[in-house]
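Residue numbers (the numbering used here), protein chains in the order written: chain A, 5 to 845; chain B, 18 to 193.
Rendered as structure tokens:
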């Protein structure tokens, strides 16, 4: 009777290693068994053929038989090799599939483990576990059926064949194996012990590395190199000892196994030789025995290796899985129901959060927040205000008491329930590599699912995106990103619009901005453009006039000579390279260091080497490669941006002269190669902003820059192009961890993404701490005007001037709420809150 | 005043070299090595202001320190909707060094009273320098400490019993 057993969900960390062998691989494993059986059958054929070739073909001198048997021998060998290849392919496929699956499932599991776990687990351990430790278990699973089966069956087949051929000699051939079967597991036990130690030591080592890298400031500031080196060296030495022992025992197994296998032929020679001399054994049979001995070696070796992989794999697997076998308190989603849609009431009743060491981060806290109400949590750092917010957000688990969201106990809600009803913005929000739009959609996509949001069914309207950008104050930043975009080929449709806007802008604001902008005027040097751009003074249409190709362009190099520019530019390039290398040598390179020099981070080593080599040389002594590198540098130099060197009036004059000579030359040679800056043409090498300006902003006066921005926004509104520009700006890539954004922009982005989700409860954990005053006030006013009554707000606030509008303020001290009330009530009370607001006199 | 900028321009020196000359003479940087000062000079930027432009604003943490290279600016305190002019800073003044080290809201506004150019250093850039040369903050704090002690000594020297009440909250600042 077969009933389909209900599949019980077992967390990946509790699965046995053997459970991976069949699951999802059943068909492949069956195919493997079939191929293996055929292979083994074929493997015996050469043995039989050897015997027949000697006994029948050679002894009886029959050439036709010799050809036939040799043919069969060859066929068998070729087929066996081909089948072996197929077996390996299937095995690899299974191994890699299982390793990938283990990695995925473990990763999914790890992401769900509570935050507590990560406070004590270094990222290195997680990385190492996911990257390295699962390889051998994966290998084992791939081998688990194929290797033992093929090799044991092969051994049995050989044994059977040999025993049939000559029972005595057959038994002798295998006499040594039981001894090995006794000794090898003994040694393997030592190997296992050392392997476990090795894993522990590796983990300690990786923690140590992570610790010293994260704490490098402290190490360097305290000059604690000796201490750190000593600690590190000790762990490395321990690991070395363990690894030596581990490897030695592994080799010992190999050597002993080899020794016994090699002892086999000795027994065959002595006993088989004796039998042959006495005429009890045919010469062909002796050959077959000797050859079988050799052939026994491979399956045996593979079995031993498999045994070792099994042992190592089990240890790695169970140690790794065991490490992450932490109970996951929250369920991702309930199977039998959709996530709750809760109203935004929060009720906290005698909640305590105690660390395992007995420190009470929260001590008997109670409070109530009605739907749509706004609560501020204030207090000194360490008072527990963030802990309380994170408990409500289910990121920390309160150890006693009750907390409910919409009447449901928070600790019993699934992650899906929380995601559905709550939005959290932390103090240092994590921004992921990708565009502004992708980051903006992050919480939204997590809530609605990728397929739904990407295929457009549930994608938010542009209006919705624009609205949250405005509310969070990121709007102007995104607009700026849009304006600073250099158009890609697929956005050509906006070119005529920009040209049109240029005209309007010049008419409306041309005079007002004249003193702050360098217009693209043929007779004027542009400090904020590179020297190459100043010379060419147009957008290159032909590839060989693009900036990165100029050093390969002989026409251009000849032109530089004729315009008397080569030597002054070389001098400039040398100066830039020398200065940059002088300042940045011996530093850990940071992107910020390369804003003021035309050298790119990835080129630094190359220029450092050039500077070293040409140090005491004159210009005429440096070789062509160095010359080109320095010329290239000088051509990329823009005096407005790169403050590392300066241009003399004379040089500027030479460049302007060169501009005219270049124009004349290129017109004769290849008129289409460059499209010169013209008021009626789009300049593809420049940003949209510069295209509208038809120039480059030169002022460093913040008020002037602000004014130009205002004009620009007014223009975009007038031309009904604001939204399109925002769309372009939302494609801005924020860089790894949002590196291309400022701290304030990252916070605004995180706030915007929570606004977009529009949850019943918003939790802001010092979410505006990196913003300037005005932006903070703006967001506060958006919160109290547009979100009050709509979403419940619980905000950890560090600045007291923005808490006036909150319905309630809770003041925390040492994990307890010591005061609660409205702003006016607390001020009138002249207690803790009043004191925090007005100093400690 | 013969501003440094004019002379450097005449010598065709880069802005970096000019900054370097300036920073070498700022007392807060007197204890740090030349490599560090070079990085300071390399990472700071210049900003120009017209008369009436705010260089920084009261109650804002602009995360910057300013060296007035040319021009002048007045320090303004706004209290109860009224502006009080505290003092005027001329070229070669350095303001806001504490803002480089820690989040700190400016307690005053600084407003340009002439065409003014400042060399501006940001907290972010300072953090990068401290990453590379971890003992830099400590050395600068020493200079700040001395400066505070000197200022208080001066205050004590000028101390008169009848002004005691006015100064009560201020005296002892070097004991923080």
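For glycine and all other residues, C-beta sits at the position ideal for the given N, C-alpha and C.
Subject >> Straight-line gap, residue 9 of chain A to residue 414 of chain A (C-alpha atoms, nearest Å) >> reply: For the purposes of this step, residue 9 of chain A is identified with residue 5 of the first chain, where counting begins at 1. For the purposes of this step, residue 414 of chain A is identified with residue 410 of the first chain, where counting begins at 1. No answer about residue 9 of chain A holds up, because its pLDDT of 47 lies below 50 and its placement is not dependable.
**OP:** Within 10 angstroms of the Cβ of residue 79 of chain B, are there 16 or more other Cβ atoms? Answer buried if so, exposed if not.
**Re:** Taking the second chain and counting its residues from 1, the one referred to as residue 79 of chain B is at position 62. Classification for residue 79 of chain B: buried.
Subject >> Identified DSSP bridge partners for residue 407 of chain A >> reply: Sequence index remark: in the first chain, residue 407 of chain A carries index 403 (1-based). Bridge partners of residue 407 of chain A: A:352.
Subject >> Where the alpha helix (DSSP H) through residue 293 of chain A begins and ends >> reply: Within the first chain, numbered from 1, the residue matching residue 293 of chain A stands at position 289. DSSP places residue 293 of chain A inside the alpha helix (DSSP H), whose first and last residues are 287-327.
Original post:
Can you name the start and end residues of the beta strand (DSSP E) that residue 140 of chain A belongs to?
Top reply: As a position in the first chain, residue 140 of chain A is number 136, starting the count at 1. Where residue 140 of chain A is concerned, there is no enclosing beta strand (DSSP E), although the alpha helix (DSSP H) it sits in stretches over 139-147.
Original post:
Would you call residue 31 of chain A buried or exposed, if buried means 16 or more other Cβ atoms sit within 10 Å of its Cβ?
Top reply: Position 27 of the first chain holds residue 31 of chain A. Exposed, because fewer than 16 other Cβ atoms sit within 10 Å of the Cβ of residue 31 of chain A.
Original post:
For the segment 45-56 of chain B, which residues have a CB atom closer than 7 Å to at least one CB atom of chain A, in sequence order?
Top reply: 55, 56
**OP:** Select from the segment 677-709 of chain A all residues with a C-beta closer than 9 Å to any C-beta belonging to chain B, and list them in chain order.
**Re:** 703, 704, 705, 706, 707, 708
**OP:** Tell me whether residue 345 of chain A is buried or exposed, calling it buried when 16 or more other Cβ atoms sit within 10 Å of its Cβ.
**Re:** Here residue 345 of chain A is taken as the residue at index 341 of the first chain, counted from 1. With fewer than 16 other Cβ atoms within 10 Å, it is exposed.
Original post:
Between A:128, A:743, A:89, which lies nearest to residue 438 of chain A when the distance is taken from Cα to Cα?
Top reply: Looking up residue 438 of chain A in the first chain gives position 434. The shortest C-alpha separation from residue 438 of chain A is found at A:743.
Original post:
Is the Cβ-Cβ distance between residue 94 of chain B and residue 125 of chain B less than 7 Å?
Top reply: Position 77 of the second chain, counted from the first residue, corresponds to residue 94 of chain B. Position 108 of the second chain, counted from the first residue, corresponds to residue 125 of chain B. Contact flag set, yes.
Original post:
Looking at the C-beta of residue 111 of chain B, does it have a partner C-beta in chain A at a distance below 7 Å?
Top reply: As a first step, residue 111 of chain B is located in the second chain; it is residue number 94 there, counting from the start. Taking Cβ atoms only, chain A never reaches closer than 7 Å to residue 111 of chain B, which makes this a no.
Subject >> Helix, strand or coil at residue 3 of chain A [DSSP, three-state] >> reply: The requested residue 3 of chain A is not part of the displayed model; chain A covers only 5 to 845.
**OP:** Compute the distance between the beta-carbons of residue 311 of chain A and residue 21 of chain A, then report whether it is under 7 Å.
**Re:** Translated into the one-based positions of the first chain, residue 311 of chain A becomes position 307. Translated into the one-based positions of the first chain, residue 21 of chain A becomes position 17. Taking 7 Å as the Cβ cut-off, residue 311 of chain A and residue 21 of chain A do not qualify as a contacting pair.
Original post:
In angstroms, rounded to a whole number, what distance separates the CA positions of residue 83 of chain A and residue 70 of chain A?
Top reply: To locate residue 83 of chain A, count along the first chain from 1; it is residue 79. To locate residue 70 of chain A, count along the first chain from 1; it is residue 66. Each residue's alpha carbon lies about 20 Å from the other.
Original post:
Exposed or buried, what is residue 81 of chain B when buried is set at 16 or more other beta-carbons lying within 10 Å of its beta-carbon?
Top reply: On the second chain, residue 81 of chain B is found 64 positions in, with the first residue counted as 1. By the neighbour-count criterion, in which 16 or more other beta carbons inside 10 Å mark a residue as buried, residue 81 of chain B falls on the buried side.
Subject >> Host beta strand (DSSP E) of residue 544 of chain A (start-end) >> reply: Taking the first chain and counting its residues from 1, the one referred to as residue 544 of chain A is at position 540. Looking at the DSSP string, the run of the beta strand (DSSP E) that includes residue 544 of chain A is 542-544.
**OP:** Using a Cβ cut-off of 7 Å (strictly closer), state whether residue 31 of chain B contacts chain A.
**Re:** Counting from one through the second chain, the residue named residue 31 of chain B turns up at place 14. Chain A, which has a Cβ nearer than 7 Å to the Cβ of residue 31 of chain B, makes this yes.
Subject >> Proximity below 7 Å, CB of residue 736 of chain A to CB of residue 490 of chain A >> reply: Position 732 of the first chain, counted from the first residue, corresponds to residue 736 of chain A. Position 486 of the first chain, counted from the first residue, corresponds to residue 490 of chain A. Not in contact: residue 736 of chain A and residue 490 of chain A (Cβ atoms no closer than 7 Å).
Original post:
Using a Cβ-Cβ cut-off of 7 Å (strictly less than) and excluding sequence neighbours within five positions of residue 58 of chain B, which residues of its own chain qualify?
Top reply: Here residue 58 of chain B corresponds to residue number 41 of the second chain, with the count starting at 1. Answer for residue 58 of chain B: 33, 36, 37, 40, listed in chain order.
Original post:
Among the residues of its own chain, which have a CB less than 6 Å from the CB of residue 166 of chain A, if the five just before and after it don't count?
Top reply: Locating residue 166 of chain A in the first chain gives position 162, where the first residue counts as 1. The answer, listed in chain order, is 174, 177, 296.
Original post:
If contact means a Cβ-Cβ distance below 8 Å, which residues of the segment 136-165 of chain B contact chain A?
Top reply: 141, 142, 145, 147, 148, 149, 151, 152, 155
**OP:** Could you confirm whether any beta carbon from chain A is found closer than 7 Å to the beta carbon of residue 102 of chain B?
**Re:** As a position in the second chain, residue 102 of chain B is number 85, starting the count at 1. Judged by the 7 Å Cβ criterion, residue 102 of chain B is not in contact with chain A.
Original post:
Nearest to residue 100 of chain A by CA position, among A:643, A:25, A:349, is which residue?
Top reply: Numbered from its first residue, the first chain carries residue 100 of chain A at position 96. Of the listed residues, the one whose Cα sits closest to residue 100 of chain A is A:25.
Original post:
Under the rule that 16 or more other beta-carbon atoms within 10 Å means buried, what is residue 46 of chain A, buried or exposed?
Top reply: As a working mapping, residue 46 of chain A is identified with position 42 in the first chain. Residue 46 of chain A comes out buried.
**OP:** Flag residue 802 of chain A as yes if its beta-carbon sits less than 7 Å from any beta-carbon of chain B, otherwise no.
**Re:** Here residue 802 of chain A refers to the residue found at position 798 of the first chain. Not an interface residue.
Original post:
Is residue 110 of chain B closer than 7 Å to residue 705 of chain A when the C-beta atoms are compared?
Top reply: To locate residue 705 of chain A, count along the first chain from 1; it is residue 701. To locate residue 110 of chain B, count along the second chain from 1; it is residue 93. The answer is no: Cβ separation not under 7 Å.
Original post:
So is residue 2 of chain A buried or exposed if we call it buried at 16+ other beta carbons inside 10 Å?
Top reply: No statement about residue 2 of chain A is possible, as the shown extent of chain A runs from 5 to 845 and does not include it.
**OP:** Decide yes or no for the touch test of the segment 480-487 of chain A against the segment 719-737 of chain A: beta carbon pairs closer than 8 Å, at least 3 of them.
**Re:** yes
Subject >> Of the residues A:376, A:595, A:747, A:112, the one placed nearest residue 779 of chain A, counting alpha carbons only >> reply: Within the first chain, the letter at position 775 stands for residue 779 of chain A. Check the Cα spacing between residue 779 of chain A and each of A:376, A:595, A:747, A:112: the tightest is with A:747.
Original post:
What are the start and end residues of the beta strand (DSSP E) that includes residue 383 of chain A?
Top reply: Here residue 383 of chain A refers to the residue found at position 379 when the first chain is read from its first residue. Where residue 383 of chain A is concerned, the enclosing beta strand (DSSP E) stretches over 378-383.
**OP:** Apply the 10 Å Cβ neighbour rule to residue 646 of chain A and answer buried if 16 or more other Cβ atoms are within range, or exposed otherwise.
**Re:** The residue labelled residue 646 of chain A in the question sits at position 642 within the first chain. Counting of Cβ neighbours within 10 angstroms places residue 646 of chain A among the buried residues, the total reaching 16 or more.
Subject >> Contact with chain A by residue 76 of chain B, beta-carbon distance below 7 Å >> reply: Walking along the second chain from the start, residue 76 of chain B turns up at place 59. Chain A, which has a Cβ nearer than 7 Å to the Cβ of residue 76 of chain B, makes this yes.
**OP:** On the DSSP bridge assignment, give the partners of residue 796 of chain A in chain order.
**Re:** Within the first chain, numbered from 1, the residue matching residue 796 of chain A stands at position 792. Paired residues: A:765.
**OP:** Step through the CB atoms of chain B and report whether any lies within less than 7 Å of the CB of residue 600 of chain A.
**Re:** Start at 1 with the first residue of the first chain, and residue 600 of chain A comes out as number 596. Output row for residue 600 of chain A: interface = yes.
**OP:** Would you mind sorting residue 390 of chain A into buried or exposed? The rule is 16 or more other CB atoms within 10 Å of its CB.
**Re:** Position 386 of the first chain, counted from the start, is the residue given in the question as residue 390 of chain A. Buried.
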